[in-house]
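Right, one structure below, let's go through it.
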Amino acid sequence: DAGITQSPRHKVTETGTPVTLRCHQTENHRYMYWYRQDPGHGLRLIHYSYGVKDTDKGEVSDGYSVSRSKTEDFLLTLESATSSQTSVYFCAIRRHEDTGELFFGEGSRLTVL
Amino acid sequence: AQRVTQPEKLLSVFKGAPVELKCNYSYSGSPELFWYVQYSRQRLQLLLRHISRESIKGFTADLNKGETSFHLKKPFAQEEDSAMYYCAANSGYALNFGKGTSLLVTP
């Protein structure tokens, strides 16, 4: 679906370096999410946001921070990347607040060497 | 703990055979449940949610509160159904996903 984009789509980095992934929406929705997808683990929630400057932790938030300074952007930062953070990261938005249905971005594949 | 369980990592069926992907949940009450599909290296797409009871791409899923299950079914599998399937439940603020089942439909 148009309306949600992630950047970069692919990134290779080294252990210990900082990494920021960006999720951008054009639809002005309040809720935004970051999940990571790993074989054997499915999708796990990292952080989510329910408004500008309003964020909360998910089940696998250690090693990650987020920021939402404006409605359209939700940034995920790995302060010091580790090999265990090699994953595919998906951003999602909630288009209708009366349902939990999420719409996903195309994913960002991160490799930490 | 609230949990979504998909017991099968991989399910392989022949084209034209019926397919059932299992999903069990451990939520109290009546959670909002979904099935998502992910084709090779693409984004996750909503396949169906139990509230709408629509049939998409020939798939259906019935909520069984007694067994706390939401199994996904299709009477005749097609090769293009090969994908990763995720069951998910609304935890109140986010979706909680199962670990996924990889469906392989062979000719």
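So the sequences go chain by chain: U and A. As numbered in the numbering used here, residues 1 to 113 make up the first sequence, in order. As numbered in the numbering used here, residues 1001 to 1107 make up the second sequence, in order. From the three backbone atoms N, C-alpha and C, an ideal C-beta is built for every residue, glycine too.
Decide if residue i is buried, meaning its Cβ has at least 16 other Cβ atoms within 10 Å, or exposed.
{"i": "Y1039 of chain A", "result": "exposed"}
{"i": "I93 of chain U", "result": "buried"}
{"i": "L45 of chain U", "result": "buried"}
{"i": "V1019 of chain A", "result": "buried"}
Determine the closest residue to residue i out of the options, with distance taken between C-alpha atoms.
{"i": "F90 of chain U", "options": "U:L110, U:G51, U:K53", "result": "U:L110"}
{"i": "N1096 of chain A", "options": "U:E59, U:S67, U:Q85, U:S80", "result": "U:E59"}
{"i": "A1017 of chain A", "options": "A:A1089, A:N1090, A:S1055, A:D1081", "result": "A:D1081"}
{"i": "D62 of chain U", "options": "U:K53, U:L78, U:L113", "result": "U:L78"}
{"i": "R1041 of chain A", "options": "U:L76, U:T82, U:R9", "result": "U:R9"}
{"i": "K57 of chain U", "options": "U:G105, U:H41, U:M32, U:E72", "result": "U:M32"}
{"i": "S84 of chain U", "options": "U:E27, U:N28, U:H41, U:T26", "result": "U:H41"}
{"i": "E1067 of chain A", "options": "A:P1007, A:K1015, A:N1024, A:E1008", "result": "A:N1024"}
Is the beta carbon of residue i less than 8 Å from the beta carbon of residue j?
{"i": "L1011 of chain A", "j": "L1103 of chain A", "result": "yes"}
{"i": "S80 of chain U", "j": "D38 of chain U", "result": "no"}
{"i": "Y1093 of chain A", "j": "Y35 of chain U", "result": "no"}
{"i": "R30 of chain U", "j": "G3 of chain U", "result": "no"}
{"i": "F74 of chain U", "j": "C23 of chain U", "result": "yes"}
{"i": "L1044 of chain A", "j": "W1035 of chain A", "result": "no"}
{"i": "T82 of chain U", "j": "V66 of chain U", "result": "no"}
{"i": "N1090 of chain A", "j": "G105 of chain U", "result": "no"}
Out of curiosity, what's the CA-to-CA distance linking residue i and residue j?
{"i": "K70 of chain U", "j": "V1105 of chain A", "result": "44 Å"}
{"i": "G1100 of chain A", "j": "S7 of chain U", "result": "25 Å"}
{"i": "A1001 of chain A", "j": "S1026 of chain A", "result": "7 Å"}
{"i": "L1072 of chain A", "j": "G16 of chain U", "result": "42 Å"}
{"i": "T20 of chain U", "j": "D98 of chain U", "result": "31 Å"}
{"i": "G1029 of chain A", "j": "L113 of chain U", "result": "45 Å"}
{"i": "E72 of chain U", "j": "V1013 of chain A", "result": "43 Å"}
{"i": "T1005 of chain A", "j": "F1076 of chain A", "result": "24 Å"}
Who are the neighbours of residue i on chain A, taking C-beta pairs under 7 Å?
{"i": "L110 of chain U", "result": "None at all; the shortest Cβ gap to chain A is about 14 Å."}
{"i": "L21 of chain U", "result": "In chain order: nothing, as chain A lies at least about 15 Å away."}
{"i": "G51 of chain U", "result": "Within chain A, no residue comes near G51 of chain U; the closest Cβ sits about 12 Å away, beyond 7 Å."}
{"i": "F104 of chain U", "result": "R1043, L1044"}
Please list the partners that residue i has in chain A, where partner means a Cβ-to-Cβ separation under 8 Å.
{"i": "H41 of chain U", "result": "K1099"}
Which chain U residues are close to residue i, counting only those with a beta carbon under 7 Å from its beta carbon?
{"i": "L1046 of chain A", "result": "E101"}
Which residues of chain U have a Cβ atom closer than 9 Å to the Cβ of residue i, listed in chain order?
{"i": "N1090 of chain A", "result": "T99, G100, E101"}
Along chain U, which residues have their Cβ under 8 Å away from the Cβ of residue i?
{"i": "A1001 of chain A", "result": "Ordered by position in chain U, no residue passes the 8 Å Cβ test against A1001 of chain A, which lies about 11 Å from the chain."}
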